[in-house]
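Some notes on the structure that comes next.
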């Protein structure tokens, strides 16, 4: 299928329009790119447009009949496609990542975002620089950061600062425009190698990512409070240790999930107190947070049940012990 913009071997994510407003906005941008080969040379590197138009149904403002039976159902051919992120095609400033936004950018010197979502910013409630996607240097997690005064709805929740993209399929809405962000299903070691190489080439901070933390999403990942709980890295008789990430910063952490009973509630509380007392030391994992099922960050064991679970959050996530 002929496209504008090649398919890159180091592609790691695609952004697909998922509602009619986003589809019409994509069509307008695609039409401008096809009609004017000199328009927005930067943004055309991050978009793939299918070779033929396809129809999209919508309701017009005219009545179907003189009797006024309702708006007329119409079908309009539009350009379809998606936006793509690839390590082979860096953003204008790799330090800040791939910028998403809107605008015409017709004047000389205008710096468009990498992903031009719409020409009509006011109509679609999208800022010129609405958000950006980048990788956290300590965990390799893909992050979505919202610029000042802008926000997005991510999987049904309003986000006005930053959030980790922790699933291989994420629903995101910017203003009136909705999308599906799909991460590539490449194996973890391949993704890790590409990301490390990208950071070295562009002079970015390169950390030794903990090898026991998967840098790509897995079906077993889940959210608990402010953390993404990923793969298990250790087991005990009453506890399991997971690799994880802070949902807002993407920083790597160790998460110890403990089954708390009447018999071990006291020892668990003493572990919390002792670890907190030790404080921060470069040779030690330090306790940075604790969570209980009742919502208290460090709640006491409830006597109403036979057992519950407590989560202790430690940093850094060490590669060996």
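Numbering (the numbering used here), first residue to last: 49 to 369. Ideal Cβ positions, reconstructed from N, Cα and C, are used throughout, including at glycine.
If you reduce the DSSP assignment to three classes, tell me which class residue i lands in.
| i | result |
| --- | --- |
| residue 265 | coil |
| residue 340 | coil |
| residue 325 | helix |
| residue 303 | strand |
| residue 248 | helix |
| residue 226 | strand |
| residue 165 | strand |
| residue 308 | strand |
| residue 237 | helix |
| residue 298 | coil |
| residue 171 | helix |
| residue 129 | strand |
| residue 99 | coil |
| residue 351 | For residue 351, the pLDDT reaches just 45, beneath the cut-off of 50, and the residue's location in the model is therefore unreliable, leaving the point undetermined. |
| residue 159 | coil |
| residue 188 | coil |
| residue 93 | helix |
| residue 151 | coil |
| residue 176 | coil |
| residue 315 | helix |
Going by DSSP, name the residue or residues bridged to residue i.
| i | result |
| --- | --- |
| residue 146 | 181 |
| residue 123 | 105 |
| residue 134 | 59, 137 |
| residue 210 | 193 |
| residue 283 | 288 |
| residue 365 | Per DSSP, none; premise fails for residue 365. |
| residue 276 | 271, 293 |
| residue 400 | In the structure as shown, the chain starts at 49 and stops at 369, and residue 400 therefore has no counterpart that could be examined. |
| residue 221 | 201, 226 |
| residue 334 | 363 |
| residue 231 | 61 |
Within 10 angstroms of the Cβ of residue i, are there 16 or more other Cβ atoms? Answer buried if so, exposed if not.
| i | result |
| --- | --- |
| residue 187 | buried |
| residue 97 | buried |
| residue 283 | exposed |
| residue 166 | buried |
| residue 183 | buried |
| residue 215 | buried |
| residue 75 | buried |
| residue 172 | buried |
| residue 221 | buried |
| residue 67 | exposed |
| residue 88 | buried |
| residue 4 | With the chain covering 49 to 369 only, the question about residue 4 has no answer from this structure. |
| residue 314 | exposed |
| residue 160 | buried |
State the CB to CB distance for the pair residue i and residue j, rounded to an integer number of angstroms; the pair is presumed to be in contact (CB under 8 Å).
| i | j | result |
| --- | --- | --- |
| residue 295 | residue 320 | Contact doesn't hold; Cβ gap of about 22 Å is too wide. |
| residue 128 | residue 148 | Not really, about 19 Å apart at Cβ, beyond 8 Å. |
| residue 61 | residue 190 | 7 Å |
| residue 123 | residue 103 | 5 Å |
| residue 224 | residue 69 | 5 Å |
| residue 290 | residue 278 | 6 Å |
| residue 176 | residue 204 | With 8 Å as the limit, residue 176 and residue 204 do not qualify as a contact, their Cβ atoms being about 26 Å apart. |
| residue 326 | residue 360 | No, residue 326 and residue 360 are not in contact; Cβ-Cβ is about 13 Å, not under 8 Å. |
| residue 125 | residue 101 | 4 Å |
| residue 130 | residue 120 | No, residue 130 and residue 120 are not in contact; Cβ-Cβ is about 30 Å, not under 8 Å. |
| residue 140 | residue 252 | Actually they do not touch by this definition, with Cβ atoms about 14 Å apart. |
| residue 194 | residue 209 | 6 Å |
| residue 302 | residue 365 | 5 Å |
| residue 280 | residue 288 | 5 Å |
Got a sec: is the Cβ-Cβ distance from residue i to anything in chain B below 8 Å?
| i | result |
| --- | --- |
| residue 315 | Protein chains in the displayed structure number just one, and chain B is not present. |
query = In the segment 51-88, which residue ranges form an unbroken beta strand (DSSP E) of at least 3 residues, counting only runs that do not cross its ends?
reply = Taking only runs of at least 3 residues, the beta strand (DSSP E) segments lying wholly in the segment 51-88 are 59-65.
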